[in-house]
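> Please find one structure pasted underneath; my questions will follow.
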Ligand code: IVH
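Numbering (the numbering used here), first residue to last: 3 to 681.
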């Protein structure tokens with residue numbers, strides 16, 4: 003293909019993909035399948051790789067990320083990013099209105115908006131193209147997170163219509179609750195600490211160094227403030243204009259002429275906010291007219307023409323009936339408060355998390371106490387205190403269990419960790435059931451005809467106690483199995499029964515799971531910290547379970563995204579004989595324990611040499627260096643030992659490592675020396 007042909011095809015693909023994106027995201031009416039869409043995008047990606055000079059910063063390929071950032075550049079805001087003065091009281095809103103009217107007179111229009119609970123962002127556009135996205139930082143300087151923001155579909159990369167040549171638009175990047183729930187579910191699956199709320203998740207995601215991961219997190223962005231040479235002299239009309247240019251201007255805004263109208267807006271949203279698909283933490287009230295805004299001016303920190311009314315975290319008092327201790331798939335124990343049911347923030351709350359033993363002790367919470375329960379930014383309600391005036395003095399602090407409530411094993415706690423664990427991985431029912439359920443789930447082996455209920459029956463009947471047992475099941479064993487579940491407050495009594503059709507479906511699904519690709523099998527094994535992405539990377543790098551099992555920590559660290567925590571978890575898992583036996587049984591059953599390997603070394607110039615990478619570098623990221631070492635036949639080690647040939651030392655390398663290297667006579671080289679070695 004000539005460059006001219008490539009340019010034409012790139013333009014064609016770009017227009018087509020942008021149209022599909024618009025249909026998908028703005029009109030929610032896609033006309034092609036995800037597969038067809040991905041094919042178009044892949045063709046464009048391939049062409050941009052082949053002809054990098056034709057790749058543009060507003061190409062739709064930017065949406066899928068792929069750029070790895072070393073650290074974010076700090077840049078100065080062209081206009082400082084001020085905050086808003088906050089209030090929780092209606093009286094202060096009245097005072098605000100009076101202050102404003104003293105300056106502007108009574109002919110005033112306010113714009114009431116929602117206060118989105120996310121991360122503030124400033125987007126700069128030049129000639130209609132997004133050129134920079136900067137976080138708030140300290141208000142004067144923020145982080146340049148453009149590569150990550152480009153992956154957010156509601157942020158236009160290229161504007162349409164009669165936009166100003168250069169301007170800035172500000173808004174909030176947030177994580178919709180649906181994205182948040184699936185992100186946290188994924189984290190729990192691999193035993194990682196979930197994010198406490200969507201705001202933390204959005205902030206954490208924006209600072210990720212791998213923009214492809216940001217793209218997967220499905221962030222969203224609302225815009226609420228324009229700066230520059232705008233067509234109108236008021237906030238509202240400019241926002242409406244900005245919507246025409248392609249910006250995601252929220253629909254939730256209203257013109258109000260009096261405090262009463264403002265209070266109406268506040269009251270409505272204080273109720274309705276629970277039905278929104280994202281979190282808000284209040285309402286923002288802005289003077290609409292720019293000349294009026296100008297005459298009101300600013301204090302050192304915030305404009306005098308706007309104020310934020312924050313919703314109070316909703317709080318109720320109820321009775322703590324009991325504390326139960328749940329055991330997760332990883333064995334972690336979570337204390338859960340059982341409450342007298344109470345209405346809170348749009349739903350009936352019956353349970354609240356008590357997090358861990360330390361929190362219970364700190365709160366000195368006792369069964370029978372009247373407790374304050376709050377639902378703030380967090381999704382799960384929490385107990386924030388005890389009404390001591392109401393305490394029955396015959397109560398005692400709850401004793402944290404010493405034994406697992408499910409299997410009786412003595413609980414253990416690692417120094418520095420807050421959670422207690424049940425160590426009885428192979429004998430504790432919820433841990434075993436959790437592993438079985440993880441194995442069959444859609445993203446793993448996809449044995450979809452075995453829902454949670456049925457797996458439990460197989461476990462209870464003693465037919466399945468580890469994942470290899472699924473492959474020994476026979477028709478006769480399954481037919482006729484059944485279990486009755488008693489009625490609850492919301493469900494009738496029901497019986498799950500394995501009839502002929504059910505059994506056939508289950509056996510068929512188990513059979514088809516044998517063709518599930520290796521990467522998903524690896525994920526299905528439920529090794530701690532090995533989520534879907536890590537499993538894919540490992541499978542692509544090593545090609546087979548055998549290679550992963552035989553890899554040293556250093557070799558595992560060579561793989562992109564594998565740090566010491568994951569490498570340690572993998573080697574620990576493979577070291578156990580029971581896991582080796584499990585793998586042998588899966589292999590005999592015909593489950594795929596190998597797949598295509600994609601990373602064969604590019605060269606062998608570093609053959610037999612081992613490296614430790616330490617410190618911060620200017621031309622490469624640490625992961626890039628590790629990848630280059632592997633790609634050139636070398637080995638990456640995590641710690642300096644007599645086996646180390648070289649240390650690639652960056653800035654801030656730990657002094658103890660340096661000292662050890664000197665003692666052992668390990669050669670210390672710079673990143674430039676390394677570049678020379680592989681050039
Ligand atoms: S206007 C100069 N409008 O709240 C005024 N801010 O506590 C610029 N926020 O830093 C801000 N929703 O991150 C504005 N509809 C909205 C908002 C909003 C959320 C955030 C923003 C700001 C913070 C102030």
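Glycine is no exception: its CB is placed at the ideal position from the N, C-alpha and C atoms.
(1) Would you grab the beta carbon distance between residue 505 and residue 480 for me? Rounded to a whole angstrom, and I think it's under 8 angstroms.
(2) Taking its Cβ as the centre, do 16 or more other Cβ atoms sit within 10 Å of residue 343, making it buried, or is it exposed?
(3) Taking the alpha-carbon positions, what's the residue 11 to residue 433 distance?
(4) Rank 624, 167, 409, 495 by C-alpha distance to the C-alpha of residue 229 and give the top, closest one.
(5) Count the other CB atoms within 10 Å of the CB of residue 14; is the residue buried (16 or more) or exposed (fewer)?
(6) Using only the heavy atoms of the ligand IVH, determine whether one of them is closer than 7 angstroms to the beta carbon of residue 202.
(7) With DSSP as the reference, identify every bridge partner of residue 320, one or two as the case may be.
(8) Give the straight-line distance between the Cα atoms of residue 601 and residue 676, rounded to the nearest whole angstrom.
(9) Could you give the first and the last residue of the continuous beta strand (DSSP E) run that contains residue 289?
(10) Determine the direct distance from the alpha carbon of residue 255 to that of residue 49, and round the result to whole angstroms.
(11) Under the three-state reduction of DSSP, which class applies to residue 368: helix, strand or coil?
(12) Between the stretch 581-591 and the stretch 652-664, do three or more beta carbon pairs fall short of 8 angstroms?
(13) What do you get for residue 157, buried or exposed, if any count of 16 or more other CB atoms within 10 angstroms of its CB means buried?
(14) With 8 angstroms as the threshold, decide whether the Cβ of residue 139 is near any Cβ in chain C.
(15) Given the structure, does residue 88 come close to the ligand IVH, in the sense that its CB is under 7 angstroms from one of the ligand's heavy atoms?
(16) Name the two residues that bound the continuous beta strand (DSSP E) containing residue 580.
(17) When you compare the stretch 74-90 with the stretch 36-52, are there three or more beta-carbon pairs, one atom per stretch, that lie closer than 8 angstroms?
(18) Taking buried to mean at least 16 other C-beta atoms within 10 Å of its own C-beta, is residue 405 buried or exposed?
(19) In the DSSP assignment, find the unbroken alpha helix (DSSP H) run with residue 149 in it and report its ends.
(20) Would you say residue 305 touches the ligand IVH, meaning its beta carbon is less than 7 angstroms from a heavy atom?
(21) Apply the 10 Å Cβ neighbour rule to residue 486 and answer buried if 16 or more other Cβ atoms are within range, or exposed otherwise.
(22) Give the DSSP-derived three-state secondary structure of residue 330 in the structure shown.
(23) By DSSP, does residue 116 sit in helix, in strand, or in coil?
(24) List the endpoints of the continuous beta strand (DSSP E) containing residue 541.
(25) Pick out whichever of 24, 537, 114, 606 has its Cα sitting closest to the Cα of residue 289.
(26) Could you tell me the distance, in whole angstroms, from the CA atom of residue 5 to the CA atom of residue 63?
(27) If you follow the beta strand (DSSP E) that residue 78 is part of, which residue opens it and which one closes it?
(28) Please state the DSSP three-state secondary structure of residue 96.
(29) State yes or no: is the C-beta of residue 147 within less than 8 angstroms of the C-beta of residue 137?
(30) Measuring from the CB of residue 286, is there a heavy atom of the ligand IVH at a distance below 7 angstroms?
(31) Identify whether residue 43 lies in helix, strand or coil by the three-state DSSP scheme.
(32) Just to confirm the assignment: which complete beta strand (DSSP E) runs, minimum length 3, are found wholly within the stretch 438-511?
(33) With 16 as the cutoff for other CB atoms within 10 Å, does residue 444 come out buried or exposed?
(34) Return the CA-CA distance between residue 96 and residue 266, expressed in angstroms with no decimal places.
(35) Does residue 118 pass the burial test, meaning 16 or more other C-beta atoms within 10 Å, or should it be called exposed?
(36) Should residue 138 be listed as close to the ligand IVH, given that the test is whether its C-beta is under 7 angstroms from any heavy atom?
Let me spell this out:
(1) 4 angstroms
(2) exposed
(3) 53 angstroms
(4) 167
(5) exposed
(6) no
(7) 373
(8) With a pLDDT of only 49 at residue 601, under 50, the local geometry of the prediction cannot be trusted, and no value is derived from it.
(9) 282-289
(10) 43 angstroms
(11) coil
(12) no
(13) buried
(14) The displayed structure is made up of one protein chain only, and chain C is not part of it.
(15) yes
(16) Element bounds for residue 580: not the beta strand (DSSP E) but the alpha helix (DSSP H), 579-591.
(17) no
(18) exposed
(19) 148-151
(20) yes
(21) exposed
(22) coil
(23) strand
(24) No beta strand (DSSP E) holds residue 541; the alpha helix (DSSP H) holding it covers 534-544.
(25) 114
(26) 19 angstroms
(27) 76-78
(28) helix
(29) yes
(30) yes
(31) helix
(32) 484-487, 496-499
(33) exposed
(34) 13 angstroms
(35) buried
(36) yes
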